[in-house]
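Using the numbering used here, the first residue of the sequence shown is number 14, and each one after it goes up by one. A quick write-up on the structure given underneath.
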Amino acid sequence: MGSGRTTFVVLVGLSACAATAVVAREMVIAPNGGVAISDSPKEVMDQAWQIVFRDYLDTTGKYNPEKWRQLRRNLLTKSYGSPKEAYEAIRGMLATLSDPYTRFLDPREFKEMQIDTSGELSGVGIQLSVDKDTKELVVIAPIEGSPASRAGVQPKDVIVSIDGKSTKGMSTEDAVKLIRGRAGTSVKLELRRKGQNIDVPLTRELIELHAVTHQVNTTPEGTKIGYVRLRQFNANAAKDMRAAIRDLESQGVQGYVLDLRSNPGGLLMASVEIARQWLNEGVIVSTKTREGIQDVRRATGRALTSRPLVVLVNEGSASASEILSGALQENNRAVLVGQKTFGKGLVQSVRGLSDGSGMTVTIAKYLTPLNHDIHHRGIVPDVPVKMTDAEAERLKLEDLGTRKDSQYRVAESTLLKKLRSTASAQPAYQPGTANLPAALGGAPRP
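Structure representation (structure tokens):
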């Protein structure tokens, strides 16, 4: 209907609150040649319809082009007294696809998608999702240092109510609207954990979102290990990762443990850029649209380190985390330790609509370097190790990546074995030859 341009960002995040992008509104050319924001409910509805018609990848078997055309005719013949009525019609239209990742966001919801390039939000610091089996609202993970983490909110906690309002049937977007708010205000969550309900009062605050933390862990034998924890794939993640690797290299670490546990995903390009920092050659990921076109992303020969690497994953590692861990595993760059990952192999784009609302739409699926489709299947670690419920309750965020963390201990021992294996495979020094790497105690540092 209106002409214009929509800007969009590709996401492979688990949910709206797991990864977000800043998206410009679609600008519609006014009759006088100027630029205006269209607020016609039917125009917004038709924009959403057109996005699905042009780009949607059907993974549920519920999309039929002819039925979709008929649905448009039916919707556009009706009258809508307010934008709210039109928004409900759009949500109903998208619901026929049975795709939880293709969804409409009204202007307020669209604005609430704040885990973006600014790296901060005002709230309590919880990453949420709807459990694909129970349909309950669950905590993926609290953000480190947030009011939620300080209050002891844990991954897999079920959110029963928010300020007394039941979450039954509630979407993540609706929950975000209730939980976020101005810094200094309060919200009370009722959580269910192991069959017991507990009330958790929280005070909202401005939360800075740092994507990467890192430290040097020294083993009793004196081996220096670089521990890097990546919490999310936001627009700053690749820059933060680059700085962490360079700092750890300068401190003389001999190998790395990369922690992707409970990382729900984020921007597709962030996962590709970070993979290139660890991987010198090989395919990272390919994306496949409904036309069957594959966009293959590869390493560019610019890895920042070639030292041995172990990656920690669990059932909360999703989307972009699975792209990165799958690329490192299938290119034999890293050993995966932990639990089977979440299993989300779909790619969404975030589109801005002309009245300030927006939508996310599934546009592709991604395949690992060996062309595995991990949607609903997940990635199986090379060394399975489960954290017990008792340990998960005991373990504090500051204990992750330390000797108190049983999964980290297995990752560390796996890395040490890899380091010993690498050392034993190096050639012995032969006097009178130019075998300098052996003479100097190993291969030169990259």
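Even for Gly, the Cβ is constructed at its ideal location relative to N, Cα and C. Please read these numbers as outputs of a predicted model, since none were measured by experiment.
- Residue 389 is classed as exposed because its beta carbon has fewer than 16 other beta carbons within 10 Å across all chains shown.
- Note on residue 319: under 16 other CB atoms within 10 angstroms of its CB, so exposed under the neighbour-count rule.
- Fewer than three Cβ pairs drawn from the segment 401-418 and the segment 328-342 lie within less than 8 Å of each other, which leaves the two stretches out of contact.
- With a cutoff of 8 Å on beta-carbon distance, residue 420 and residue 393 are scored as not near each other.
- Closest by C-alpha distance to residue 305, out of 237, 378, 374, is 378.
- Between the segment 310-324 and the segment 277-291 there are three or more C-beta pairs closer than 8 Å, enough to call the two in contact.
- DSSP, reduced to helix, strand and coil, places residue 166 outside both helices and strands of the structure shown, so it counts as coil.
- Residue 80 and residue 71 have their C-alpha atoms some 14 Å from each other.
- Judged by pairs of C-beta atoms under 8 Å, the segment 61-78 touches the segment 96-111, as three or more such pairs exist.
- When the alpha-carbon of residue 349 is set against those of 357, 373, 321, 362, the nearest one is in 321.
- Here the alpha carbon of residue 260 sits roughly 45 Å from the alpha carbon of residue 67.
- Taking the C-beta atoms as reference points, residue 102 is found no nearer than 8 Å to residue 138.
- Taken through DSSP and simplified to helix, strand or coil, residue 86 comes out as helix.
- Of the candidates 366, 240, 274, the residue whose Cα lies closest to the Cα of residue 352 is 274.
- Shortest Cα-Cα distance from residue 271 to any of 413, 94, 116, 140 involves 413.
- In this structure the segment 208-218 lies against the segment 153-170, because at least three pairs of beta carbons, one per stretch, are closer than 8 Å.
- 8 Å or more divides the Cβ of residue 190 from the Cβ of residue 116.
- When 136, 257, 240 are compared, the shortest CA-CA separation from residue 197 is found for 136.
- An exposed status is given to residue 264, since fewer than 16 other beta-carbon atoms sit within 10 Å of its beta-carbon.
- When the alpha-carbon of residue 207 is set against those of 335, 155, 151, the nearest one is in 151.
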